[in-house]
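In what follows, a single structure is set out as structure tokens and then discussed.
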Amino acid sequence: MDDPHLEKGQSGLVQAALFGECPACAERTLFAGWVRFASRCRACGHDFSSYNVGDGPAAFLILVIGALVCAFALVLQVQASPPFWVHIVLWVPITTALVLLSLRVSKAAMLIHEARAEVREGKIDDNTGQDS
Ligand SMILES: [Zn+2]
């Protein structure tokens, strides 16, 4: 994927989101916790708190992951008819892991996408406090 709007040295959106890269300097400084953004970049000082990602990724992930897990659980039940506790032991940790992993990546993707859109629109001043 070759985005002509990328500055030199910036990764594609997927790679940047996977590694939590700062949209300004591409250092891996986007997260302070597993799914919590840092308030600003530790390398270049870019302000992450002005971006408003909200709950968009969570709602989308609930639908996608819920549908996938239900489908796999139904297939397992039809194919093997395991006791009910097998479903609990299997799907609770798998669902939790999928949500935590994909929430981190999708939140990063949304913030990076928003930041790059602002650069394209010419709103590159960090102190304007963009509220979208
Ligand atoms: Zn940075």
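Just so you know, the sequence shown maps onto residues 3 to 134 in our numbering.
Glycine is no exception: its CB is placed at the ideal position from the N, C-alpha and C atoms.
Computed from a prediction, not measured in an experiment: that's the story for all the values here.
### Message
For the pair the region 100–107 and the region 51–65, tell me if three or more CB-CB distances fall below 8 angstroms.
### Response
yes
### Task
Assign ARG30 to one of three DSSP states: helix, strand, or coil.
Against the sequence shown, residue 30 aligns to sequence position 28. Note: ARG30 maps to coil in three-state DSSP.
### Query
Where PRO95 and HIS89 are concerned, what is the direct C-alpha to C-alpha distance, given to the nearest angstrom?
For the purposes of this step, residue 95 is taken as the residue at position 93 of the sequence shown. For the purposes of this step, residue 89 is taken as the residue at position 87 of the sequence shown. Distance between the alpha carbons of PRO95 and HIS89 is about 10 angstroms.
### Rounded distance between the beta-carbons of LEU32 and GLY47, thought under 8 angstroms
As a first step, residue 47 must be located in the sequence shown, where it is residue number 45. As a first step, residue 32 must be located in the sequence shown, where it is residue number 30. Between LEU32 and GLY47 the Cβ distance is about 13 angstroms, and since that is not below 8 angstroms, they are no contact.
### Task
Verify whether the separation of the beta carbon atoms of ALA26 and ALA117 is less than 9 angstroms.
Taking the first residue of the sequence shown as position 1, residue 26 is located at position 24. Taking the first residue of the sequence shown as position 1, residue 117 is located at position 115. In contact: ALA26 and ALA117 (Cβ atoms closer than 9 angstroms).
### Message
Beta-carbon distances below 6 angstroms to any heavy atom of ligand 1 define the shell here; list its residues in chain order, please.
### Response
CYS24, ALA26, CYS27, GLU29, THR31, CYS43, ALA45, CYS46, HIS48
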